[in-house]
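Asker: Sequential numbering of the sequence shown, starting at 228, is according to our numbering. For each residue, glycine too, the CB sits at the ideal point set by N, CA and C. Following this message is one structure expressed as structure tokens.
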Amino acid sequence: MSSDRHDLIYLIGFSGTGKSHTGRLLAKKLAWELLDMDEMITEKAGVPIIEIFEWGEKYFRQIEQDVLQEIAGLSRKVISTGGGVPIDEENRAVLKSSGYVVRLKASPDTIYKRLRRSFRGKSDDNRGVIRPMLQGDDGEAP
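Here it is in structure tokens:
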């Protein structure tokens with residue numbers, strides 16, 4: 228890896244593209260640690276993500292940005308980011324300057340099926356992450 232970057236690999240992509248699953252596989256292959264930003268945010272806030280959002284998305288995004296700043300100083304990590312991390316311009320700059328960014332993609336149908344599966348009355352990995360995009364009335368794919 229380049230000497231001007233930390234040994235970090237950020238996995239970005241829409242919800243349901245496989246960031247957590249791919250991250251586990253890649254971290255195992257590289258013998259690196261996997262960091263899941265959603266888990267880190269939950270730990271930092273002391274409550275599930277769904278409850279953080281009740282305090283406002285702005286508050287959630289600030290915690291998310293703080294966690295990303297902490298991660299940027301590490302090395303030999305694979306990071307599964309939250310789906311909204313690269314939306315913020317400052318976050319994109321941190322991602323690019325501190326590691327390698329890999330964007331995962333999936334078809335809308337695949338994403339919809341994965342999100343519906345995780346939405347059926349459960350949160351993802353018991354972290355309180357219920358898919359807010361699927362809480363609409365029409366039940367159509369995001």
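1) Just grab the DSSP bridge partners of Tyr327 for me.
2) Checking 8 angstroms against the spacing of the C-beta atoms, do Leu342 and Gly243 come in under that value?
3) Measuring straight from C-alpha to C-alpha, what distance separates Pro313 and Arg319?
4) Ordered along the chain, which non-local residues of its own chain (more than five positions away) have a Cβ less than 6 angstroms from that of Gly348?
5) Using beta-carbon positions only, say whether Gly250 and Leu235 come within less than 8 angstroms of one another.
6) Which residues mark the beginning and the end of the beta strand (DSSP E) in which Lys285 is found?
7) Using CA coordinates, which residue listed in Leu331, Met264 and Val328 is at the minimum distance from Arg288?
8) Using a threshold of 8 angstroms, state whether the C-beta atoms of Val271 and Ile290 are closer than that.
9) Can you give me the start and stop residues for the alpha helix (DSSP H) that Lys255 sits inside?
10) For the alpha helix (DSSP H) containing Asp263, list its first residue and its last residue.
11) Assign Lys304 to one of three DSSP states: helix, strand, or coil.
Answerer: The answer reads as follows:
1) Ile236
2) yes
3) 5 angstroms
4) With a pLDDT of only 47 at Gly348, under the threshold of 50, the placement of this residue in the model should not be trusted; the figure read from the coordinates follows. Cβ neighbours of Gly348 beyond the five flanking positions: none.
5) no
6) Not the beta strand (DSSP E): Lys285 falls in the alpha helix (DSSP H), residues Glu284 to Ala299.
7) Met264
8) One detail in the question is off: residue 271 reads as Lys in this sequence, not Val. Yes, the pair counts as a contact, with Cβ atoms nearer than the cut-off.
9) Lys246 to Leu257
10) Where Asp263 is concerned, there is no enclosing alpha helix (DSSP H), although the beta strand (DSSP E) it sits in stretches over Glu260 to Asp263.
11) strand
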